[in-house]
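Only one structure is covered here, and it is reproduced in the block below.
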Amino acid sequence: MTAVPPGAAAGSSPSAITTATASANTNIALIKYWGKVDEAQAIPATSSLSLTLGGTRTTTTVSFDGGDGAADSVTINGASPSAVELERVTRFLDLVRARSGVTAPATITSRASVPLAAGLASSAAGFAALAAAASRAAGMDLDGRELSRLARRGSGSATRSVFGGLVLWNAGHDDASSYAEPVACEMDLAMVVVVLSQRYKPISSTLAMRATMSSSPLFPAWVEASGRDLQVALEAVRAGDLARLGEIVEGNALGMHATMIAARPGIIYWLPQTVAALHAIRAMREEGLPVWATIDAGPNVKVLTEGARAEEVAAALRDRLTGTAVSVRRPGGGVRIEEGPCP
Ligand code: PMV
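Residue numbers for the sequence shown follow the working numbering, so the first one is 164 and each next one is one higher.
So this is what it looks like as structure tokens:
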């Protein structure tokens, strides 16, 4: 983090800090979030549970320095973002400006340590890092819960990336009650990521959630089942029972996809290789490997397993699913304020 002299940012209220850098890892939901009851406030229909993954940091520097003169200037992985991405970042920074009283446009530089092609959603890490860097640069001093509430407005899954390890996002019913918190976990968990296709998702999660809620006859049942799944998952974590946790994790992800497949028209993120991977994982489980699948808004598959057996599981997946990229991810930490600017 670099302190800039007070008043250095044109048009902003004087504050000791106008530049800050922060990083955050991405996370994979074990019990999924799918559907917002309030889109403007990003209040989800259900609570969710996730694992933050190590080595997946996005690092972001925000300076309220006037931007490109009239607007925010954004660089992501060395390139200019699309108009849609730029608008999303600016809308998020407008929230920070409204709360902090800073009025200047900003310069934002962001770099992900893992390429998009690695099959890990970047918005969770991206918006958690942006929330931390922007709030800090604007002179706000937020605690973890407040930061998770702010990150929520950028991207739902970013709410959970504020914390490391196992994280619960309480759905809540308004801005104050919808926040994430860490969950104690003694288990040795890992995720093996199987990249089956590097195609971008055909429909954004925001649009797909909206369509599922408005047209899938299975949505009310999904909300009900998800509440029970979360309780079973938390009990399994407390008991250190990986098999019980794994069964509920796989069932919850399949239920989320069944619900969106039943939307009209159906939303099908799966490819033929996705189904093949699900069968391979089932066969590996019958052979005694501790493996359970989860799938997000795309065709790729993530496999929950025991940390001590993760390399063995990765090797077995490479054998069975030739031509795919398989990588092991272990639990990682939460948001961090960095000393230097984004590389
Ligand atoms: O990151 P968002 O807000 O677009 O939504 C992510 C939704 C899933 O990844 C499919 C599930 C989850 O809980 O992360």
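For glycine and all other residues, C-beta sits at the position ideal for the given N, C-alpha and C. Computed from a predicted structure; not experimentally measured.
Any non-hydrogen atom of the ligand PMV within 8 Å of residue i CB
{"i": "Gly-319", "result": "yes"}
{"i": "Thr-221", "result": "no"}
{"i": "Lys-195", "result": "yes"}
{"i": "Ile-430", "result": "no"}
{"i": "Asn-240", "result": "no"}
{"i": "Asp-459", "result": "yes"}
{"i": "Ile-191", "result": "yes"}
{"i": "Ser-340", "result": "no"}
{"i": "Met-354", "result": "no"}
Alpha carbon of residue i to alpha carbon of residue j, nearest angstrom
{"i": "Arg-315", "j": "Tyr-342", "result": "8 Å"}
{"i": "Ala-416", "j": "Gly-229", "result": "44 Å"}
{"i": "Leu-331", "j": "Glu-309", "result": "15 Å"}
{"i": "Ile-444", "j": "Gly-307", "result": "36 Å"}
{"i": "Gly-319", "j": "Ala-353", "result": "23 Å"}
{"i": "Thr-266", "j": "Glu-250", "result": "17 Å"}
{"i": "Ala-471", "j": "Thr-272", "result": "37 Å"}
{"i": "Glu-218", "j": "Thr-487", "result": "Residue identity check: residue 218 is Gly in the sequence provided, not Glu. So the two alpha carbons sit approximately 20 Å from each other."}
{"i": "Ser-389", "j": "Pro-268", "result": "41 Å"}
Within-9 Å CB hit, residue i to chain C
{"i": "Phe-326", "result": "Given the protein chain composition of this structure (a single chain), no chain C is represented."}
Local Cβ density within 10 Å of residue i, reported as buried at 16 or more and exposed below that
{"i": "Leu-393", "result": "buried"}
{"i": "Val-247", "result": "exposed"}
{"i": "Asp-235", "result": "buried"}
{"i": "Arg-220", "result": "buried"}
{"i": "Asp-257", "result": "exposed"}
{"i": "Thr-485", "result": "exposed"}
{"i": "Gly-170", "result": "The pLDDT assigned to Gly-170 is 33, lower than 50, so where the model puts this residue is not dependable; a value taken from the coordinates is nonetheless given after this. It counts as exposed."}
Span of the alpha helix (DSSP H), counted from its first residue to its last, around residue i
{"i": "Asp-257", "result": "246-263"}
Continuous beta strand (DSSP E) stretch holding residue i: start and end
{"i": "Glu-277", "result": "This sequence places Val at residue 277; Glu is not what is there. Per DSSP, Val-277 belongs to no beta strand (DSSP E) and is neither H nor E."}
{"i": "Val-225", "result": "221-226"}
{"i": "Ala-192", "result": "190-194"}
{"i": "Glu-398", "result": "Here Glu-398 belongs to no beta strand (DSSP E); instead the alpha helix (DSSP H) covers 382-402."}
{"i": "Ser-186", "result": "182-187"}
{"i": "Ser-236", "result": "236-239"}
{"i": "Glu-502", "result": "Run containing Glu-502: none; DSSP gives neither H nor E here."}
TODO: Identify every run of the beta strand (DSSP E) within the segment 292-375, keeping only runs that are complete inside it and at least 3 residues long; order them along the chain.
DONE: 329-333, 342-345, 352-358
TODO: Entirely within the segment 424-496 and at least 3 residues each: give me those beta strand (DSSP E) ranges in chain order.
DONE: 455-457, 464-469, 488-492
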